[in-house]
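Residue numbers (my numbering): 1159 to 1419.
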């Protein structure tokens, strides 16, 4: 286990090479095929329960546990994270949106960081460009204003947890989100956020804006008040609440600990 951790930790030679191979040869075909199976031309096959189970067991779950997964991050937290970053940052077209061309949201929102910057600049030198922190903050700010949510992706999430990209996501375009929603958390687990939504009852007016805003379907109205089910931690409900009746409380999960946080 120690050796596996050593070779998959952020910056290790194997981790950097594996991330480059993923960026150059694996990511786009995987995103394209997944989208077509779950939302596109092959949905007739991908919607079958047996196929979903096979896809989940054989491909999706191993990928999420040992290859690549993401953690939803509230806007305020992603801003703080960008401000803490060291090293070069680059941006390019969202890999999900260019893989299926079925989403109207902005394209230049794929913010690669740390070892991700090296991998994607090397794999796609014409498609990615180096930016400063202020431009990265401007990008996530614009996406936040559009009601999009942010996810921090990890390479080898079960071991090295090498963070490599900040994605600005939406329900219609984000393929990892779509896989999670279609196959479920058991077959394609996303990492839970480090914050969870809590309703301030004496402020809540029961408008239901939070229910409509939650991309994970984890808000409901109970006895006229907003209530959280199994929060993923994206923070969209808090941003959408007109009464400011939702706060994001920090939670502690050992499996999310990372040397940069």
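For each residue, glycine too, the CB sits at the ideal point set by N, CA and C. Computed from a prediction, not measured in an experiment: that's the story for all the values here.
Three-state secondary structure (DSSP) of residue i
i	result
residue 1251	coil
residue 1212	helix
residue 1164	helix
residue 1408	strand
residue 1201	helix
residue 1187	helix
residue 1193	helix
residue 1284	coil
residue 1257	helix
residue 1304	coil
For residue i, the residue or residues it bridges with in DSSP
i	result
residue 1380	1383
residue 1267	DSSP output for residue 1267 lists no bridge partner at all.
residue 1311	1228, 1323
Range of the contiguous alpha helix (DSSP H) that encloses residue i
i	result
residue 1178	1171-1179
residue 1288	It is not in any alpha helix (DSSP H) - residue 1288 instead sits in the beta strand (DSSP E) that spans 1287-1289.
residue 1370	1367-1371
residue 1335	1333-1341
residue 1276	1273-1281
residue 1394	1394-1398
8 Å contact criterion, which residue i and residue j should meet: CB distance rounded
i	j	result
residue 1163	residue 1318	6 Å
residue 1228	residue 1311	5 Å
residue 1253	residue 1185	6 Å
residue 1447	residue 1400	No statement about residue 1447 is possible, as the shown extent of the chain runs from 1159 to 1419 and does not include it.
residue 1397	residue 1233	7 Å
Beta strand (DSSP E) segment containing residue i, residue limits
i	result
residue 1353	1353-1357
residue 1237	It is not in any beta strand (DSSP E) - residue 1237 instead sits in the alpha helix (DSSP H) that spans 1233-1242.
Cβ shell of residue i (< 7 Å), same chain only, five flanking positions each side left out
i	result
residue 1278	1181, 1248, 1250, 1270, 1286
residue 1222	1346, 1347
residue 1200	1194
residue 1383	1357, 1359, 1362, 1364
residue 1328	1261, 1263, 1306
Chain-order list of residues whose beta-carbon lies under 8 Å from that of residue i (same chain, five-residue window excluded)
i	result
residue 1203	1195, 1209
residue 1385	1357, 1377, 1378, 1379
residue 1354	1386, 1389, 1391, 1406, 1407, 1409
residue 1370	1398
Contacting residues, own chain, Cβ-Cβ under 6 Å from residue i (five flanking each side not counted)
i	result
residue 1171	none
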